[in-house]
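Asker: What follows is a single structure, and I will ask about it in a moment.
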Amino acid sequence: MDASEFARMIEELEHALKPYKDTFVTYSRIPEVGRDRKEILKEMEALRSIEEARWKDGFASGAVYHGGDEHIQFLNEVYAINSQSNPLHFDLWPSTVKFEAEVVAMTASMLGADKTGDEIVGSVTSGGTESILLAMKTYRDRARDRKGITEPEMVVPSTAHAAFDKAAQLFNIKIIRVPIGDDYRADVEATRKAITKNTIVIVGSAPPFPHGIIDPIEELSELARQAGVGFHTDACLGGFLLPWAERLGYDVPPFDFRLPGVTSISADTHKYGYAPKGSSVILYRGRALRHYQYYVITDWPGGLYLTPTFAGSRPGALSAACWAAIMAMGEQGYMEAAKRILETAAVIKQGIEEIPELQVLGDPLWVIAFASERLDIYAINDYMNEKGWALNALQLPPCLHICVTLRHTRPGVAERFIEDLKSAVEYVKAHPDVRGSMSPIYGMAASVALKGVVHDFLKGFLDLVYEV
4 MDASEFARMI EELEHALKPY KDTFVTYSRI PEVGRDRKEI LKEMEALRSI
54 EEARWKDGFA SGAVYHGGDE HIQFLNEVYA INSQSNPLHF DLWPSTVKFE
104 AEVVAMTASM LGADKTGDEI VGSVTSGGTE SILLAMKTYR DRARDRKGIT
154 EPEMVVPSTA HAAFDKAAQL FNIKIIRVPI GDDYRADVEA TRKAITKNTI
204 VIVGSAPPFP HGIIDPIEEL SELARQAGVG FHTDACLGGF LLPWAERLGY
254 DVPPFDFRLP GVTSISADTH KYGYAPKGSS VILYRGRALR HYQYYVITDW
304 PGGLYLTPTF AGSRPGALSA ACWAAIMAMG EQGYMEAAKR ILETAAVIKQ
354 GIEEIPELQV LGDPLWVIAF ASERLDIYAI NDYMNEKGWA LNALQLPPCL
404 HICVTLRHTR PGVAERFIED LKSAVEYVKA HPDVRGSMSP IYGMAASVAL
454 KGVVHDFLKG FLDLVYEV
């Protein structure tokens, strides 16, 4: 990539990040006099009307998992009622204790707690990343306390979420990434060989974000059990869908606490639990393990200080809305939603498989990744983006995926996706010289020598986010 191409990409990114720069007033200082509240709300309504059409009409992969008007309005009302609550001050808002304890208990029950003799406990967190970070911090601290391990290692499939890399960096844990097989599932034998005396936890995903195919959790967790180390199932994406898929008769391999080797699970309530963004659950097999997650200090002049997760003050309204979402959906609602999603995903998967130039990777249920051996998949993505679609561009191998949600189950959405995808393939075939806008970046990311350039580019992108 030469300097002009780099500059062009930065300019395009800035335009995508700042589409309102010329149409709405920007502020770099606090206004001297506060604005009229009605004006502020009017501006926000205008922004919402611009943005919601794309996801509301089912053009987005993942992102918004429910999105129904009635459901959104209900959650907004719940949030308004609880907008001032803060779980840090449980003496003022004991309702947050009720909401969070019940969310944890209901999630645990859904994920096999009732089928084991062990007590399954947990915490409500701000999202999947925090759930994963807390779990890895917990295993690090337990290994240091019980085994004296000072150079901890985690064994993680190459497709596991990037949050595990973040945990490794933050908590000084060596991350050992093991390959996946031709079926896009974690390689059990490679995992076995990666275990050392410093291993503190093994990870499997149900499913991983890239290709949507559940790792062999049963075999991996048994390796962990035999080695005497923890095993974490990352079910952030599938935790609130797989249990219902299993009940509907789909072939769902075991992944939860019914497996004796599984010692923790992360599951996002703000995905297929249909809670507002900013909530997840981390579960543990036993209170003793969860204790390594907590933070308590007894000699601070400010008094006794204790928090279950990383944050101090937290928005109790999110916990309340999470509880309310689960209450409103109920098992029947979750079953019906899962049925619609899985049936729609099957239509989309079949449609992709019928396009000769594309290949579905593995045998996914509802997160469907597809590649092309003959065409630039990122050019296909650009065409789909012009049609309004917001798909996920992936690498290693180059591919795209669509994460099917309730928005895609609306009449005609799946069919529209397949028709647009066919058109994209035909366009790229007819214009072989067109390169996808992300092709240069992903090409450099695959080169060890150029990884530093990509790192700098991504940091520059984040800089753009915070520029007025």
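Just so we're aligned, residue 4 is where the sequence shown starts under my numbering, counting upward by one. C-beta: ideal position from N, C-alpha, C; glycine also. Note that the structure is a prediction, hence the values are computed from the model and not measured.
Do you know whose CA, among ALA382, VAL428, LEU409, lies nearest ARG438's CA?
Answerer: ALA382
Asker: Can you grab the Cα-Cα spacing for the pair GLY276 / ALA433, in whole Å?
Answerer: Going from the Cα of GLY276 to the Cα of ALA433 covers about 43 Å.
Asker: Under 7 Å Cβ to Cβ from ARG250, same chain only, skipping five residues before and after it: list those, please.
Answerer: MET338
Asker: My understanding is that THR236 touches PHE212, with C-beta atoms under 8 Å, so please give their C-beta distance in whole angstroms.
Answerer: Their Cβ separation, rounded to whole angstroms, is 14 Å, which puts THR236 and PHE212 out of contact at 8 Å.
Asker: Can you find the residues in the same chain that come closer than 6 Å, C-beta to C-beta, to VAL407, ignoring five residues on each side of it along the sequence?
Answerer: ILE344, THR347, ALA348, TRP369
Asker: Would you mind sorting ASP466 into buried or exposed? The rule is 16 or more other CB atoms within 10 Å of its CB.
Answerer: Within 10 angstroms of the beta-carbon of ASP466 lie fewer than 16 other beta-carbons, which makes it exposed.
Asker: Hey, how far is the Cα of LYS454 from the Cα of MET332?
Answerer: Put simply, the backbone Cα of LYS454 is about 45 Å away from that of MET332.
Asker: Give me the Cα-Cα distance between ILE351 and SER86, rounded to the nearest whole angstrom.
Answerer: Their backbone Cα atoms lie some 40 Å apart in a straight line.
Asker: How should MET47 be labelled, buried or exposed, when 16 other C-beta atoms within 10 angstroms of its C-beta is the threshold for buried?
Answerer: exposed
Asker: Tell me, which residues are paired with ASN395 by DSSP?
Answerer: HIS404
Asker: Residues in its own chain within less than 7 Å of ASN201 by CB, not counting five upstream and five downstream?
Answerer: ILE152, GLU154, PRO155, GLU156
Asker: My parser needs the beta strand (DSSP E) runs of 3 or more residues fully inside the region 211-283; what are they?
Answerer: 233-237, 267-270
Asker: Return the Cβ separation of ASP218 and PRO263 in integer angstroms, given the expectation that the two are a contact with Cβ distance under 8 Å.
Answerer: Not quite, the Cβ-Cβ distance comes to about 17 Å (not below 8 Å), so this is no contact.
Asker: Which residue from GLU360, TYR82, PHE62, GLU222 puts its Cα closest to that of ILE324?
Answerer: It is Ala, not Ile, that sits at residue 324 in the sequence shown. Among GLU360, TYR82, PHE62, GLU222, the Cα nearest to that of ALA324 is on TYR82.
Asker: Check whether the region 97-115 and the region 288-299 touch, using three or more Cβ-Cβ pairs below 8 Å as the test.
Answerer: Judged by Cβ distances under 8 Å, the region 97-115 makes no contact with the region 288-299, as fewer than three pairs qualify.
Asker: Under a Cβ-count criterion, where at least 16 other Cβ atoms within 10 Å of its own Cβ denotes burial, should LEU397 be classed as buried or exposed?
Answerer: buried
Asker: Could you tell me how far apart the beta carbons of ILE183 and ASP190 are, in whole angstroms, since I believe they sit closer than 8 Å?
Answerer: 6 Å
Asker: Cβ of GLY65 within 7 Å of Cβ of VAL416?
Answerer: no
Asker: Just mark ARG145 as buried or exposed, buried being the case when its beta carbon has 16 or more other beta carbons within 10 Å.
Answerer: buried
Asker: May I have a chain-ordered list of the alpha helix (DSSP H) segments no shorter than 4 residues that lie completely inside the region 111-172?
Answerer: 131-150
Asker: Can you check whether the CB of GLY319 is closer than 7 Å to the CB of THR110?
Answerer: Not a contact, by the Cβ cut-off of 7 Å.
Asker: With H, G and I counted as helix, E and B as strand and the rest as coil, what does DSSP make of PHE373?
Answerer: strand
Asker: From the DSSP output, in three-state form, read off LEU368 for me.
Answerer: Under the three-state reduction of DSSP, LEU368 is assigned to coil, being neither helix nor strand.
Asker: Given that a residue counts as buried once 16 or more other Cβ atoms are within 10 Å of its Cβ, and exposed if not, what is ILE135?
Answerer: buried
Asker: For LEU403 versus LEU409, is the C-beta distance shorter than 7 Å?
Answerer: no
Asker: CA-CA distance, PRO279 and ARG317?
Answerer: Whole-angstrom Cα-Cα distance: 14 Å.
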